[in-house]
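A.B. asks:
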Ligand code: HEC
Ligand code: HEC
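In our numbering, the protein residues as written are 724 to 1073.
(1) Is the distance from the Cβ of residue 807 to the Cβ of residue 905 below 8 Å?
(2) Taking 7 Å as the cut-off, is the CB of residue 1030 close to at least one heavy atom of ligand 1?
(3) If we cut at 8 Å on Cβ distances, does residue 976 have a partner in chain B?
(4) Can you tell me whether DSSP reads residue 761 as helix, strand or coil?
(5) Based on Cα-Cα distance, which residue from 982, 1052, 1037, 1061 lies nearest to residue 1020?
(6) At what residue ranges does the segment 814 to 897 contain a whole run of the alpha helix (DSSP H), taking only runs of 4 or more?
(7) CA-CA distance, residue 1054 and residue 1045?
(8) For a test of the three-state rule: what should DSSP assign to residue 1057, helix, strand or coil?
(9) Mind checking whether the beta-carbon of residue 1064 lies closer than 7 Å to any heavy atom of ligand 1?
(10) Residue 1004 and residue 781: beta carbons closer than 8 Å?
(11) In chain order, what residues of the same chain lie with their CB nearer than 7 Å to the CB of residue 935, ignoring the 5 residues before and after it?
(12) Ignoring anything shorter than 4 residues, give me the alpha helix (DSSP H) runs that lie fully in the segment 891 to 951, in order along the chain.
(13) Kindly give me the distance between the Cβ atoms of residue 945 and residue 792, rounded to whole angstroms, as I take these residues to be in contact under 8 Å.
(14) Flag residue 683 as yes when its Cβ comes closer than 7 Å to any non-hydrogen atom of ligand 1, and as no otherwise.
(15) Considering only residues of the same chain and omitting the five flanking positions on each side of residue 922, which have a CB-CB separation below 8 Å?
(16) DSSP three-state call for residue 982: helix, strand or coil?
(17) Kindly confirm or deny that the segment 973 to 990 and the segment 892 to 902 touch, where touching means at least three C-beta pairs closer than 8 Å.
(18) Span of the beta strand (DSSP E) holding residue 967?
(19) Ligand 1 and residue 958: does the residue's C-beta get closer than 7 Å to at least one heavy atom of that ligand?
(20) Give every residue of the same chain whose Cβ lies closer than 6 Å to the Cβ of residue 1066, excluding the five residues on either side of it in the sequence, and list them in chain order.
(21) With a threshold of 7 Å, establish whether the CB of residue 972 neighbours any heavy atom of ligand 4.
(22) Can at least three beta-carbon pairs, one atom from the segment 874 to 888 and one from the segment 955 to 971, be found at a separation below 8 Å?
(23) For residue 896 and residue 795, I'd like the C-alpha separation in whole angstroms.
(24) So what's residue 767 in DSSP terms, helix, strand or just coil?
(25) Just checking residue 1017 against ligand 2 - is the residue's beta carbon closer than 7 Å to any of the ligand's heavy atoms?
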């Protein structure tokens, strides 16, 4: 019976095709599983629960040197500069009071204070201090073309006004700008020109071998940051309603995408040495992994866009963690943002 044979043939071929499809899906699934194991950055092994590193944790100090930079004492300011330097300090500590959305002098910044990042008015070791500002500015930047290739302190301060405070910088000749510059130059005036002060700037957290993971960061944030910076990242205003008791980490009033803090290494280094409040470089409260994952989470939340003259950058000389392409090295924007950074740095050294 011809028909019966044809039906049999048809059934066999369908079974055959199904078997092949089944086998292929099994292989595909296995391959997926294997890559997931190799590059597991999800932290989901425990049913999605973030596991504390064995609590309570005593992380080692980040620096045990006894000769870290300390700011030049304000009592040594010459009488003629006293008022200026003191006003400069006040502007850095309480920027919003003078220049915030309800500022008494002008309304040109987002409500944050310089001191929210430059802790203790820029004098705290590994708290983004101004120890090397007088000694190392003006700086030359191979990253920038033309006029921007030499950056003096006025340009650097302006850049924090425009990016970190997502606002407008006071003009160069203004009393405010001159006072800020006088203060920064004074506190770091005890460091030899050309020398980097010990403990100045931001701590460099060792690279992870994996990409930093926003999902993991989110779970850590919920445990260790949310009480002050809140679930929506907006922080909390102080009683005067003019400045922040707990500054925002994302959203309309936070630093913009061109700010230093938007680079993962800077954020990770800042929080490793200073957050949650109470931590310091002497007694850090976050592991390296937590610091990177928090950076990935916070810097993947919405914030004001960057305003940058893109064409002024040499693409072959971007920072390893500059998250905006184009790049000359072939790594993706995603890898430049979250890592792993080791391969990027190794390639840039070739
Ligand atoms: C959101 C955080 C943040 C705020 C707010 C902020 N800055 Fe910065 N600032 C940074 C970061 C990050 C750097 C880069 C530090 C580094 O790379 O070591 C920086 C660098 C600087 C430097 C260069 C320091 C050096 O020696 O290299 C100066 C000067 C400076 N800021 C001044 C200011 C002033 C003045 C304000 C307020 C008008 C301000 N910043 C507000 C984050 C901030
Ligand atoms: C107990 C309250 C508290 C907790 C908890 C806390 N912070 Fe903060 N944070 C602050 C305060 C206060 C400042 C501003 C410091 C100053 O002005 O001296 C700050 C500043 C910051 C800044 C720089 C300023 C800005 O708004 O961009 C970052 C980044 C930051 N915190 C991240 C974190 C992260 C991440 C965590 C969780 C690990 C955390 N903080 C936990 C109180 C807290």
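The beta carbon of each residue, even a glycine, is placed where N, CA and C say it ideally should be.
C.D. replies: To lay it out plainly:
(1) Against the chain shown, residue 807 aligns to sequence position 84. Against the chain shown, residue 905 aligns to sequence position 182. Yes.
(2) Walking along the chain shown from the start, residue 1030 turns up at place 307. Residue 1030: no, Cβ never under 7 Å from ligand 1.
(3) The structure shown contains no chain B; it holds only a single protein chain.
(4) Counted from its first residue, the chain shown places residue 761 at position 38. Bear in mind that a pLDDT of 39 at residue 761, under 50, signals an unreliable position, so the number given afterwards is only what the model happens to contain. Residue 761 falls in the helix class under three-state DSSP.
(5) Numbered from its first residue, the chain shown carries residue 1020 at position 297. When only C-alpha atoms are compared, the closest one is 1061.
(6) 818 to 822, 842 to 845, 856 to 859, 876 to 885
(7) Walking along the chain shown from the start, residue 1054 turns up at place 331. Walking along the chain shown from the start, residue 1045 turns up at place 322. The straight-line gap from Cα to Cα measures roughly 11 Å.
(8) Residue 1057 sits at position 334 when you count from the first residue of the chain shown. Three-state result, residue 1057: helix.
(9) Locating residue 1064 in the chain shown gives position 341, counting from the first residue. Because no heavy atom of ligand 1 lies under 7 Å away, the Cβ of residue 1064 does not count as near it: no.
(10) As a working note, residue 1004 is residue 281 in the chain shown. As a working note, residue 781 is residue 58 in the chain shown. For residue 1004 and residue 781, no; Cβs fall outside 8 Å.
(11) Looking up residue 935 in the chain shown gives position 212. These residues qualify, in order along the chain: 987, 1015, 1016, 1018, 1019, 1061, 1062.
(12) 898 to 910, 937 to 947
(13) Residue numbering aside, residue 945 sits at position 222 when the chain shown is read from its first letter. Residue numbering aside, residue 792 sits at position 69 when the chain shown is read from its first letter. The Cβ separation is near 36 Å, so there is no contact.
(14) Nothing in the structure corresponds to residue 683, since the chain is present only between 724 and 1073.
(15) Translated into positions along the chain shown, residue 922 becomes position 199. Correct list, in chain order: 786, 788, 791, 792, 848, 849, 852, 854, 1004.
(16) Sequence index remark: in the chain shown, residue 982 carries index 259 (1-based). Here residue 982 sits in coil by DSSP.
(17) no
(18) For the purposes of this step, residue 967 is identified with residue 244 of the chain shown, where counting begins at 1. From DSSP, the beta strand (DSSP E) with residue 967 extends over 967 to 969.
(19) Indexing the chain shown from 1 puts residue 958 at position 235. No, since every heavy atom of ligand 1 falls outside the 7 Å radius drawn around the Cβ of residue 958.
(20) Within the chain shown, the letter at position 343 stands for residue 1066. There are no such residues.
(21) Within the structure as shown, ligand 4 is missing, the only ligands being ligand 1 and ligand 2.
(22) no
(23) Taking the chain shown and counting its residues from 1, the one referred to as residue 896 is at position 173. Taking the chain shown and counting its residues from 1, the one referred to as residue 795 is at position 72. Taking the straight line joining both Cα atoms gives about 25 Å.
(24) In the chain shown, residue 767 corresponds to position 44, counting from 1. Residue confidence for residue 767 is low, a pLDDT of 38 falling below 50, so the modelled location carries little weight and cannot support an answer.
(25) Locating residue 1017 in the chain shown gives position 294, counting from the first residue. Result yes, Cβ under 7 Å from ligand 2.
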